[in-house]
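**Student:** Could you have a look at this structure, given as structure tokens, before my questions?
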Amino acid sequence: MKTELLLTTEDLRKYPFVSKAFERVRSLNLTLADLASHPLRNVIERAAAYVKAAVNGSEPPPPSDDSEEEVLAFAVALILLKAVGDRSLTRKLAVIFSRRVGRFLAGEDLSKLVYVLSELGVKARVLQAKVHGYPVAVHVLSYLESTPERAGHWKLVHRLVERGWVYVSKLEAARLGEEALKKFIERKVEEIKLDEVSMPDAVYRLVEGLSAEWGARIKELRERWAPEGLEASEDAFPPCIKAIVEDLKAGKNVPHSARFALASFLLSIGMSVDEVLEVFRAAPDFNEKIARYQVEHIAGMRGSGKKYTPYKCDNMRTLGLCVAECGVKHPLQYYWKALRRQKAPSAARGSRARRGPAEAPHLVEGDSNGPSTRPG
Amino acid sequence: MGQAPDPVKVGRKYFEWYYRSADPRDFSVTSLPSREFAFSYFGEEGMRRHISFGGLEELAEHLRTAIPRHAFYSTAYYRDPGAKDMEEKGWLGADLVFDIDVDHVETPCKELHDKWICKSCGASGWGSVERCPRCGSEAIERHTWVCETCINVARDEVLKLVDFLEMDFGFSRHELLVTFSGHRGFHVHLESPEVRELSQDSRREIVDYVKGLGLDARFLTAKTRGGYKLRYEAPLGWYGRLARWALIKVGSENPVLSLSEWRSIVEESVTREAAAVDEKVTIDTKRLIRLPNSLHGKTGLKVAPFSVDELENTSIIDRAKVFTEGEVAVRLEEGPKRVLDVDLGSGGVLTLPTYAALYLLLNGAKLLKFEQR
């Protein structure tokens, strides 16, 4: 009942992801075939426009005046993403769509803002009286899951925290909603079960067209950001990786986490298992058989077949392996930047200035979790 | 038993007695069928993993018959905990756990019981060193022992952690399961449903918070006339802890100071207030951890559970020692001067409480005699 008071039909245009909107979609009981035919064509076209915006990295189309159309179009856009089946495209749409929602949220009154947050699984409450100027409290675990950054003023150690609640400003609350929505969209798309056989031809062709456009876009981005033919260069290693290599060379006993960081890094920049083993040969306790097994595991050649990505900077810092402030978020990011600067100094700088790093494709994906599952 | 007792034979005999007489309910674990178990056994190298049980009685039966030297279970919940492959296991969530171990904390008693040997030059000595003082090598072999002092130091770290978990994170002390690790530390388990799906990134932020990692005076203070003051005057979060140390060091809870003066207050506050948890354990959502009330194979001590209130006013060793009956005559050729709550002096022929003699045997002290009295 409170829901009804808080969210108007007009609001569903802005927030077509709330449960009320999804219920509406469900109650209409439509099939993709219904949507593909006139007069509901508009819905499909609008959904496709959303996905195209993601492909091109442009602003999403403004919400339709018709809230029903908007709600349906959002649901169909998620289905199209599922059909294209590339998580990086889903993430793109999640980013541009959530950014817009973040702006809407920042303009809402507090109770509506907190309501939308709760729809996204973010536990929050409006404070009766502001605490140190903050009008909203967010549950600490929700805060941690939705924080846009784990550094600077967002880092939990720098926050006012009281018995499970973090005090935030209205703008920060909207930002947390934006981040939560990104994850929410990715999760929703993941959960969709698609029956491709019964997909109407018109929709099938649309999906094919979108996939082709995205494929071409990805290729273009990859070529710009990771030019072929660049060889691994130790000079371009970030300071943390250099430090581990130095320690190994000096015959120091390097901890497991550092070995994992180094091996996964070297594999990620294209070195072979044998080349990586050569680096480890300097270790005082080097045992080729064990080391080969471990490196092959990290390379995804054994066990689950999962290829491990190196730790990001946040994790390196926590593990005590970070040795410098380089202004990047991931050791690989440092490496590719340094490499491009080395090989083509002017061109690289030019392209960065023109395009901005936001357009870099996700070269690093998945969580960086070492294969260690050892007793505590 | 004559001379040079066999730790495998003797240890197995004592452990068998314990597991046969224990109450199965002592080994109860929430959502037991969704957990992976792992064991190592007397006389066997390595660990057997990917074991699952349908219920408590099955687990107790295994303990009674297989007599493990070490017993672990997963902090994670799986759809199929017995699957060999991590992907096939189907991860469903994991408890939030913290590991506190005196290996990572300075204690005054290490000189009394810890020994190091340099694998590069052969130098050796008492205490704890990061690198060989003679040749600088980091290839160090360590023989570590635990005494009451170490355990009390670890207990204090747990209490610091509890303060963060209650005052900052809002958990209730009744939700916390604290266990003595059976060796040199404690494990703190949180099993509430709301923590189960926390990402590794969030777990890392929690670790950073309780260790005070990443605290930066630039973000904690605001510029004012003549210097910097804390951004908030409130007894909350790290701001409250900093105010406390500012009061102790400078005589005011929010003095106007330079950034570098604030940095040294931050440093002091972290040294005194942060909890020395092992970050790797908390971040890892697929960790194996010791089974409560199982025995630790290197000490013969029990992985004893405690409530926070008990932790504050109970003797840890009294709760953890199992083999309290009788005495054992040993001849200690070489070893520590003090372990648990027992002084060993300079060794030789000693009559010791059973638990202390068993500890010496299991942890590799040179014994030439082990006679149960």
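In order, the protein sequences belong to chains A and B.
Using our numbering, the final residue of the first sequence is 385, and nothing's skipped along the way.
Using our numbering, the final residue of the second sequence is 409, and nothing's skipped along the way.
Ideal Cβ placement from N, Cα and C applies to all residues, glycine included.
All of these numbers come straight from a predicted model, not from anything done at the bench.
So with Cβ pairs under 9 Å, would you call residue 156 of chain A a contact of chain B?
**Tutor:** What you label residue 156 of chain A is simply residue 147 of the first sequence in a count that begins at 1. It does; some Cβ of chain B falls within 9 Å.
**Student:** Tell me which residue opens and which closes the alpha helix (DSSP H) that residue 2 of chain A is part of.
**Tutor:** The question about residue 2 of chain A has no answer, for chain A in this structure spans 10 to 385.
**Student:** Count the other CB atoms within 10 Å of the CB of residue 181 of chain B; is the residue buried (16 or more) or exposed (fewer)?
**Tutor:** Translated into the one-based positions of the second sequence, residue 181 of chain B becomes position 145. It counts as buried.
**Student:** Reducing DSSP to helix, strand and coil, say where residue 238 of chain A ends up.
**Tutor:** If you number the first sequence from 1, residue 238 of chain A lands on position 229. With a pLDDT of only 49 at residue 238 of chain A, under the threshold of 50, the placement of this residue in the model should not be trusted; the figure read from the coordinates follows. It is coil, neither helix nor strand.
**Student:** Please say whether residue 270 of chain A and residue 319 of chain A have beta carbons closer to each other than 9 Å?
**Tutor:** Taking the first sequence and counting its residues from 1, one reaches residue 319 of chain A at position 310. Taking the first sequence and counting its residues from 1, one reaches residue 270 of chain A at position 261. The answer is yes: Cβ separation under 9 Å.
**Student:** Using a C-beta to C-beta distance shorter than 9 Å, which residues of chain B count as neighbours of residue 266 of chain A?
**Tutor:** For the purposes of this step, residue 266 of chain A is identified with residue 257 of the first sequence, where counting begins at 1. Residues of chain B passing the Cβ test: 316.
**Student:** Kindly indicate the opening and closing residues of the alpha helix (DSSP H) around residue 56 of chain B.
**Tutor:** As a working note, residue 56 of chain B is residue 20 in the second sequence. Looking at the DSSP string, the run of the alpha helix (DSSP H) that includes residue 56 of chain B is 43–57.
**Student:** In its own chain, which residues sit with a C-beta less than 7 Å from the C-beta of residue 17 of chain B, not counting the 5 before and 5 after it?
**Tutor:** As shown, chain B starts at 37 and ends at 409. That puts residue 17 of chain B outside it, with no answer to give.
**Student:** Measure the C-alpha to C-alpha separation of residue 81 of chain A and residue 107 of chain A and round it to an integer number of angstroms.
**Tutor:** For this step, residue 81 of chain A is matched to residue 72 along the first sequence. For this step, residue 107 of chain A is matched to residue 98 along the first sequence. Each residue's Cα considered, the two are about 17 Å apart.
**Student:** In the DSSP assignment, the alpha helix (DSSP H) including residue 186 of chain A goes from what residue to what residue?
**Tutor:** Position 177 of the first sequence, counted from the start, is the residue given in the question as residue 186 of chain A. 179–200 is the span of the alpha helix (DSSP H), which, as asked, contains residue 186 of chain A.
**Student:** Are residue 330 of chain B and residue 102 of chain B close, meaning C-beta to C-beta below 9 Å?
**Tutor:** Here residue 330 of chain B refers to the residue found at position 294 when the second sequence is read from its first residue. Here residue 102 of chain B refers to the residue found at position 66 when the second sequence is read from its first residue. In this structure, residue 102 of chain B does not lie closer than 9 Å to residue 330 of chain B by Cβ.
**Student:** Determine the direct distance from the alpha carbon of residue 327 of chain B to that of residue 359 of chain A, and round the result to whole angstroms.
**Tutor:** Here residue 359 of chain A refers to the residue found at position 350 of the first sequence. Here residue 327 of chain B refers to the residue found at position 291 of the second sequence. Because the pLDDT of residue 359 of chain A is 40, which lies under 50, any placement of that residue in the model is unreliable, and the question is left without a value.
**Student:** Tell whether a beta-carbon distance below 9 Å holds between residue 23 of chain A and residue 72 of chain A.
**Tutor:** On the first sequence, residue 23 of chain A is found 14 positions in, with the first residue counted as 1. On the first sequence, residue 72 of chain A is found 63 positions in, with the first residue counted as 1. Yes, the pair counts as a contact, with Cβ atoms nearer than the cut-off.
**Student:** Does DSSP put residue 281 of chain B in a helix, a strand or coil?
**Tutor:** Residue numbering aside, residue 281 of chain B sits at position 245 when the second sequence is read from its first letter. Note: residue 281 of chain B maps to helix in three-state DSSP.
**Student:** If you scan the region 71–107 of chain A from start to end, which runs of the beta strand (DSSP E) of 3 or more residues do you find wholly inside it?
**Tutor:** Listed in chain order, nothing qualifies, since the region 71–107 of chain A has no complete beta strand (DSSP E) run of 3 or more residues.
**Student:** Can you list the alpha helix (DSSP H) stretches of 4 or more residues lying completely in the region 230–302 of chain A, in chain order?
**Tutor:** You should have 248–258, 265–277, 282–289.
**Student:** For my contact list, residue 118 of chain B and residue 86 of chain B are in at a C-beta cut-off of 8 Å; report their separation, rounded to the angstrom.
**Tutor:** The sequence position of residue 118 of chain B within the second sequence is 82, counting from 1. The sequence position of residue 86 of chain B within the second sequence is 50, counting from 1. Yes, they are in contact, since the Cβ atoms of residue 118 of chain B and residue 86 of chain B sit about 6 Å apart, within 8 Å.
**Student:** Locate the beta strand (DSSP E) running through residue 176 of chain B, then write down its first and last residues.
**Tutor:** Taking the first residue of the second sequence as position 1, residue 176 of chain B is located at position 140. First-last of the beta strand (DSSP E) with residue 176 of chain B: 176–179.
**Student:** Does residue 262 of chain A come within less than 9 Å of chain B when only Cβ atoms are used?
**Tutor:** Within the first sequence, the letter at position 253 stands for residue 262 of chain A. So, interface residue.
**Student:** Mapping the DSSP letters down to three states, classify residue 64 of chain B as helix, strand or coil.
**Tutor:** By one-based count along the second sequence, residue 64 of chain B stands at place 28. Residue state, collapsed to three classes: coil.
**Student:** Measure the alpha-carbon distance for residue 202 of chain A versus residue 94 of chain B and round it to whole angstroms.
**Tutor:** Mapped onto the first sequence, residue 202 of chain A falls at position 193. Mapped onto the second sequence, residue 94 of chain B falls at position 58. Near 38 Å, if we compare the C-alpha coordinates of residue 94 of chain B and residue 202 of chain A.
**Student:** Apply the 10 Å Cβ neighbour rule to residue 210 of chain B and answer buried if 16 or more other Cβ atoms are within range, or exposed otherwise.
**Tutor:** By one-based count along the second sequence, residue 210 of chain B stands at place 174. Residue 210 of chain B should be labelled exposed.
**Student:** For residue 103 of chain B, name the three-state secondary structure that DSSP assigns.
**Tutor:** Residue mapping note: residue 103 of chain B aligns to position 67 of the second sequence, counting from 1. Note: residue 103 of chain B maps to coil in three-state DSSP.
**Student:** Any C-beta of chain B sitting closer than 9 Å to the C-beta of residue 375 of chain A?
**Tutor:** Walking along the first sequence from the start, residue 375 of chain A turns up at place 366. Any reading at residue 375 of chain A needs caution, since the residue's pLDDT is 36, under 50, leaving its predicted position unreliable; the model's value is listed next. So, not an interface residue.
**Student:** So, for residue 76 of chain A: in the same chain, excluding its five sequence neighbours on each side, which residues have a beta-carbon less than 6 Å away from its beta-carbon?
**Tutor:** Taking the first sequence and counting its residues from 1, the one referred to as residue 76 of chain A is at position 67. Same-chain partners within the cutoff: 18, 21, 22.
**Student:** Give every residue of the same chain whose Cβ lies closer than 7 Å to the Cβ of residue 377 of chain B, excluding the five residues on either side of it in the sequence, and list them in chain order.
**Tutor:** Here residue 377 of chain B is taken as the residue at index 341 of the second sequence, counted from 1. So the list reads 184, 353, once near-sequence residues are dropped.
**Student:** Anything in the region 325–357 of chain A with a Cβ closer than 9 Å to a Cβ of chain B? List those residues in chain order, please.
**Tutor:** Going along the region 325–357 of chain A in chain order, one finds 326, 327, 328, 329 with a Cβ nearer than 9 Å to chain B.
**Student:** At which residues does the beta strand (DSSP E) containing residue 388 of chain B begin and terminate?
**Tutor:** Here residue 388 of chain B refers to the residue found at position 352 when the second sequence is read from its first residue. Looking at the DSSP string, the run of the beta strand (DSSP E) that includes residue 388 of chain B is 384–389.
**Student:** What residues from chain A crowd round residue 361 of chain B, counting only those whose CB sits closer than 8 Å?
**Tutor:** Locating residue 361 of chain B in the second sequence gives position 325, counting from the first residue. Under the 8 Å cutoff, chain A gives no residues; its nearest Cβ is about 30 Å from residue 361 of chain B.
**Student:** Where does the unbroken alpha helix (DSSP H) through residue 125 of chain B begin, and where does it stop?
**Tutor:** Counting from 1 along the second sequence, the entry for residue 125 of chain B is found at position 89. Element bounds for residue 125 of chain B: 122–125.
**Student:** Residues of chain A with CB closer than 8 Å to the CB of residue 264 of chain B, please, in chain order.
**Tutor:** Your numbering for residue 264 of chain B matches position 228 in the second sequence. Per Cβ cutoff of 8 Å: no residues; residue 264 of chain B is ~14 Å from chain A at best.
**Student:** Just checking, does the region 244–252 of chain B make contact with the region 162–181 of chain A on the three C-beta pairs under 8 Å criterion?
**Tutor:** Verdict: yes, contact present.
**Student:** Three Cβ pairs or more, each shorter than 8 Å: is that satisfied between the region 249–264 of chain A and the region 86–94 of chain A?
**Tutor:** Cβ pair count under 8 Å is below three, so no.
**Student:** Does the beta-carbon of residue 193 of chain B have 16 or more other beta-carbons within 10 angstroms, so that it is buried, or is it exposed?
**Tutor:** Along the second sequence, read from residue 1 onward, the residue named residue 193 of chain B stands at position 157. So residue 193 of chain B ends up on the buried side.
**Student:** Roughly how many whole angstroms lie between the Cα atoms of residue 274 of chain A and residue 341 of chain A?
**Tutor:** In the first sequence, counting from the first residue as 1, residue 274 of chain A sits at position 265. In the first sequence, counting from the first residue as 1, residue 341 of chain A sits at position 332. Roughly 7 Å separates the two Cα atoms.
**Student:** How about residue 214 of chain B: is its C-beta nearer than 9 Å to some C-beta of chain A?
**Tutor:** Along the second sequence, read from residue 1 onward, the residue named residue 214 of chain B stands at position 178. False, the Cβ-Cβ gap to chain A never drops below 9 Å.
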